[in-house]
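In the working numbering, the protein residues as written are 35 to 512.
Heads up, the beta-carbon is just placed ideally off N, CA and C, and yes, glycines get one too.
The structure presented is a predicted model; accordingly, all values stated were derived computationally and were not measured.
Quick notes on the structure that follows.
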RNA sequence: GGUGCCUUGGCCGAGUGGUUAGGCAGUAGAUUGCAAAUCUGCGUACAUCGGUUCGAUUCCGGUAGGCACCUCCA
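Following this line, the structure appears as C-alpha cells:
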C-alpha cells in the first residue's frame, strides 16, 4: 500500500518513495538533555516510534537515528545574555555540564523503555561528533558559504537562495515584530552561527576546522553532522516538533545542501504541540507534565502512549488526566476481546460456529489504510474497535478466533498501546480462594445469596473477581 | 506586524457536499439471584453571521475565540 505523508517541504501529502526501495532512513531531532522530558517531548518522539513500527509492519527495513543534544545553546546571539540551558542546569544542580547531560540522557532512555519504544539504531551525542561538524564547517568555509569573524563562524544565507523555502518564511519579513539582537559581526542579521567562541562557556573544544579558535558548535550544525554520518548525505525522512521548523530545520537544509550539493531530506514531518487541560503547556502556567508525573499518578506506559497516539500527529492534542482514564478503559475493552479470541484459538475457551474472518480482514485493511494516510491513528483505532465489536458480538470459531488474535497482535505491534498479548491460560488462583468459590456455589444453590455475596466480597478483597458464566464461575485477577 | 493551523454531541476526538466514525462517561432495555463483562436503543453534534448550491458540518467571505512559528522550547 502506498504510504502518504504530509511533507512540510511541499505542503501536501506525498507518497513515500524512499531512495532505496524497501529501506527507510529516518532522522529525528532528539532531546536536549538538561531537564526531565515532558509529555510534549514524547509526542514528537512517539511519532518517530510509530513510523518505525508502521514502516516495519509494511515490510520496510528501517534505519533510525535520534540525536542526543548534550551541548547547550545560547538563547541569543549576544553572549552577554548568558548561559545556555545545560549550563544553567549545571549551576542549579551543582554538577558539571557533562554530568547533567548524562543524567538526563539516562533518564530519557529509561522513559523510552518505559514507553515501549523500539530503540533507534543510533542515538549519537553531539559532543562526540565535534570532528564531523568541523568537516562540514571546513567545506562551507572553503566554498564560501561561511565566513569567520573574531573566531565565530557564520553561515551566510545570501549565498543560499533556497533559504526560507522549507518553512515558507519570507526573508524580508523575517524580522518584523521579532526581537532580534543586533550583532554587528554578521553580514546579515539572519546569518546563523556554525561555531562560536566564548571564554565563559563551560563546554569548549579546539576548533575542529582549519584556522579556527577554541569554542563550541552552533545550534544547528550537530544535526547535519550526525544525520549525514549515520544516514548519508541524503535520506528519506526527518521529523521534529513544529517549533523546529524555523530556524532549526531551515538552517540544517542550508548548511547540509550547501556542503554536499545534494538534497538533504526528502520528506519533512512536523509534530503539532499539545495542550494540557486545554492550555498551552508552559513554565509560567506551571502546567508542565513530565513523563515521571504520569507514572507517579499510577498510569502505565501503554496508557500514556494510548492517550497521545489516539490523536493524529498534525492535530492539536488536548492532554487531560481524564483522557488517561479513558485510555485505560479503552485498552481494557480491547484486551478483553483479545483474551477471548486467544483462549478460543488455544482451546481454553469454548468455540462457537461464527466465522468472523471477513471482519478480521476488513479491520486489517482499514487499519493499514488509515495509517498509510498520513498516520491517521484515530481512524486506525476505529478499525481496531470495529474488530473488537465483531468479536464480542459473535461466537467465533477456532479458525477465525486465531485470525482475530493475530490481527490484534499486529495492531499492537504497530501501536504498542494495548500491552503484551494476554495468555490463554489463566494463572491458578490460591486454593483457599477456590474453596471460597466452591462454598459460594453451594450457597447460591441453596439460594443463600447473602452468604454468596459475602464470599464474593472476601474473594474480591484477595484481589480476584468472580465472574459467573455459562461455564461456571471464573476467577479473574483484578 | 508577517505567516500558518484550529473551533464537531458531557469529555476526548475522525470524517464527509446529501448516507452510523470511534473511544470514554451517562441513560434505558436484554442477560444475571445480584454483580462484572457483553449486546441493543437513546441523547435537538458539527463556534457565529452571511454567501454559493436542489442541498453545507463539509466550499467561499466576514466576526468571535484558541494555538503555533517569526525568539530557547517537541
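Check: Through-space distance from residue 85 to residue 54, alpha-carbon basis; Outcome: 17 Å
Check: Presumed contact (8 Å Cβ cut-off) between residue 179 and residue 284, rounded CB distance; Outcome: Actually they do not touch by this definition, with Cβ atoms about 15 Å apart.
Check: C-alpha gap between residue 227 and residue 265, whole angstroms; Outcome: 24 Å
Check: Helix, strand or coil at residue 459 [DSSP, three-state]; Outcome: coil
Check: Identified DSSP bridge partners for residue 304; Outcome: 274
Check: Sub-8 Å separation of residue 298 and residue 286 beta-carbons; Outcome: yes
Check: Helix, strand or coil at residue 164 [DSSP, three-state]; Outcome: helix
Check: Limits of the alpha helix (DSSP H) - the one that residue 146 falls within; Outcome: 131–148
Check: Per-residue burial, residue 242 [other beta carbons within 10 Å of its own, 16 or more giving buried]; Outcome: buried
Check: Whole-number beta carbon distance between residue 456 and residue 369, since they are thought to touch under 8 Å; Outcome: 6 Å
Check: Inter-residue spacing [alpha-carbon to alpha-carbon] between residue 289 and residue 182; Outcome: 15 Å
Check: Top-ranked residue by Cα proximity to residue 99, from 478, 82, 166 and 325; Outcome: 82
Check: Collapsed DSSP secondary structure at residue 412 in the structure displayed; Outcome: helix
Check: Beta-carbon spacing of residue 501, residue 510 below 8 Å; Outcome: yes
Check: Neighbourhood of residue 335 by C-beta distance below 6 Å, restricted to the same chain and skipping five residues each side; Outcome: 148, 149 and 150
Check: Which listed residue (51, 253 and 263) has its alpha carbon closest to that of residue 103; Outcome: 253
Check: At least three beta-carbon pairs within less than 8 Å, the segment 340–353 to the segment 293–308; Outcome: yes
Check: Environment of residue 314 [buried if 16+ CB atoms lie within 10 Å]; Outcome: exposed
Check: Beta-carbon separation (whole angstroms), residue 393 vs residue 421, contact threshold 8 Å; Outcome: 6 Å
Check: 6 Å Cβ shell around residue 278 - same chain, five flanking residues per side excluded; Outcome: 63
Check: Counted within 10 angstroms of its Cβ, other Cβ atoms place residue 87 as buried (16 or more) or exposed; Outcome: buried
Check: Within 8 Å, strictly: CB atoms of residue 296 and residue 317; Outcome: no
Check: contact_flag[the segment 404–420, the segment 477–496] where n(CB pairs < 8 Å) is 3 or more; Outcome: no
Check: Closest residue to residue 301 among 272, 320, 280 and 294 (Cα-Cα distance); Outcome: 272
Check: Residue range of the beta strand (DSSP E) that includes residue 8; Outcome: The structure shown does not extend to residue 8, since the chain spans only 35 to 512, so no value can be given for it.
Check: Own chain, CB closer than 7 Å to residue 194, minus 5 neighbours either side, in chain order; Outcome: 179, 288 and 292
Check: Touch test, the segment 432–441 against the segment 120–129, Cβ-Cβ under 8 Å, three pairs minimum; Outcome: no
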